[in-house]
Amino acid sequence: DAGVTQSPTHLIKTRGQQVTLRCSPKSGHDTVSWYQQALGQGPQFIFQYYEEEERQRGNFPDRFSGHQFPNYSSELNVNALLLGDSALYLCASSLARSLANYGYTFGSGTRLTVV
Amino acid sequence: GENVEQHPSTLSVQEGDSAVIKCTYSDSASNYFPWYKQELGKGPQLIIDIRSNVGEKKDQRIAVTLNKTAKHFSLHITETQPEDSAVYFCAAIHSGGYQKVTFGTGTKLQVIP
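As they're listed, the protein sequences go chains A and B.
Numbers 594 to 708, taken from the working numbering, label the letters of the first sequence in order.
Numbers -11 to 101, taken from the working numbering, label the letters of the second sequence in order.
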């Protein structure tokens, strides 16, 4: 049973560029959440997608946007990259109807470096 | 909103000793409490979880206890080994509605051989 898969694993971008990160949820999960984790910090919630819609959002600017596809996979897009966007980006998946029974599972993350 | 406090922020133990990490939460609607272990450069890995209708859960050397009245839960690791060294995060989740997840600030555990 595949867990949460994220791609790419590492990425280097230049300030001002745009980036797209991808996430495939764990089999059977339908909800995808994205987090940003700076070095030495805990994960910070960016947003959550369910039924192809963003249903809650953390304190992140509009430069951060996302999408969920019919197969539940998701993309995170960041425009006009800043040096401060350098972080580990984590995707977590869950099942909307029964999170407590089916868990909240993280992928290994994408390490984004903005230079 | 939910607030999760986690203590201590760093913990050093000798190999073979026990380690205890504590978390408190504020929202009584939270009903699912997972613990994650994160190694350097990797994503958090679920190591154990507990639901609000259970007071204690054990899995080999790891146990979690939950006190709903006091709104706190703890992670207990017995017979610690060097490979237990990592950052541990607790989380409180309200699994109904929008599944709001709030993480603790993390505990860096160092097991000294």
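Glycine included, every Cβ here is placed at the ideal spot set by N, Cα and C.
{"Query": "For A/His660 and A/Gln611, I'd like the C-alpha separation in whole angstroms.", "Result": "15 Å"}
{"Query": "Sort A/Arg690, A/Ser691, A/Val671 by Cα distance to A/Tyr682 and report the nearest one.", "Result": "A/Val671"}
{"Query": "How about B/Cys78 and B/Leu63: are their beta carbons less than 8 Å apart?", "Result": "yes"}
{"Query": "If the cut is a Cβ gap below 7 Å, which residues of chain A does B/Leu34 touch?", "Result": "Gly696, Thr698"}
{"Query": "Please report the straight-line C-alpha distance between B/Ser16 and B/Val(-8), rounded to a whole angstrom.", "Result": "12 Å"}
{"Query": "Please tell me whether B/Thr95 and B/Thr(-2) are closer than 8 Å, where the distance is taken between their beta carbons.", "Result": "yes"}
{"Query": "Relative to chain B, which residues along the segment 666 to 678 of chain A have a C-beta separation below 7 Å, given in chain order?", "Result": "none"}
{"Query": "Leaving aside the five residues before and after A/Asp678 along the sequence, list all residues of the same chain whose C-beta is less than 7 Å from its C-beta, in chain order.", "Result": "Val671, Leu705, Val707"}
{"Query": "Answer with yes or no whether the minimum CB distance from B/Asp37 to chain A is below 8 Å.", "Result": "yes"}
{"Query": "Could you check whether B/Thr68 and B/Val1 sit closer than 8 Å to each other, using their CB atoms as the reference points?", "Result": "yes"}
{"Query": "Have a look at A/Ser600 and A/Ser701 and give me their C-alpha separation to the nearest angstrom.", "Result": "9 Å"}
{"Query": "Got a sec: which bits of the segment 72 to 96 of chain B sit with their beta carbon under 8 Å from any beta carbon on chain A, in order along the chain?", "Result": "Phe77, Ala79, Ile81, Ser83, Tyr86, Gln87, Lys88, Val89, Phe91, Gly92, Thr93, Gly94"}
{"Query": "At a Cβ threshold of 8 Å, is B/Lys30 touching chain A?", "Result": "yes"}
{"Query": "In angstroms with no decimal places, state the Cα-to-Cα distance between A/Ala644 and A/Tyr665.", "Result": "According to the sequence displayed, residue 644 of chain A carries Glu and not Ala. A/Glu644 and A/Tyr665: Cα-Cα distance of roughly 8 Å."}
{"Query": "Taking the alpha-carbon of B/Ser14 as reference, which of B/Thr57, B/Gly4, B/Glu3, B/Pro22 has the nearest alpha-carbon?", "Result": "B/Thr57"}
{"Query": "From this set, B/Asp5, B/Gly4, B/Ser18, B/Ser6, which residue's C-alpha is nearest B/Phe61's C-alpha?", "Result": "B/Ser18"}
{"Query": "Of all the CB atoms in chain B, is at least one closer than 8 Å to the CB of A/Leu683?", "Result": "yes"}
{"Query": "Please identify, using Cβ separations under 9 Å, the residues of the segment 634 to 665 of chain A that lie next to chain B, in order along the chain.", "Result": "Gln634, Gly635, Pro636, Gln637, Phe638, Gln641, Tyr643, Arg648, Gln649"}
{"Query": "Under the assumption that A/Pro618 contacts A/Val625 (Cβ atoms under 8 Å), give the Cβ distance between them as a whole number of angstroms.", "Result": "5 Å"}
{"Query": "Consult DSSP for B/Pro70 and reduce its assignment to one of helix, strand or coil.", "Result": "helix"}
{"Query": "Residues of chain A with CB closer than 7 Å to the CB of B/Pro(-4), please, in chain order.", "Result": "Correct list: empty, because the minimum Cβ distance to chain A is about 15 Å."}
{"Query": "Just curious, the beta strand (DSSP E) that A/Gln641 is in, first and last residue?", "Result": "637 to 643"}
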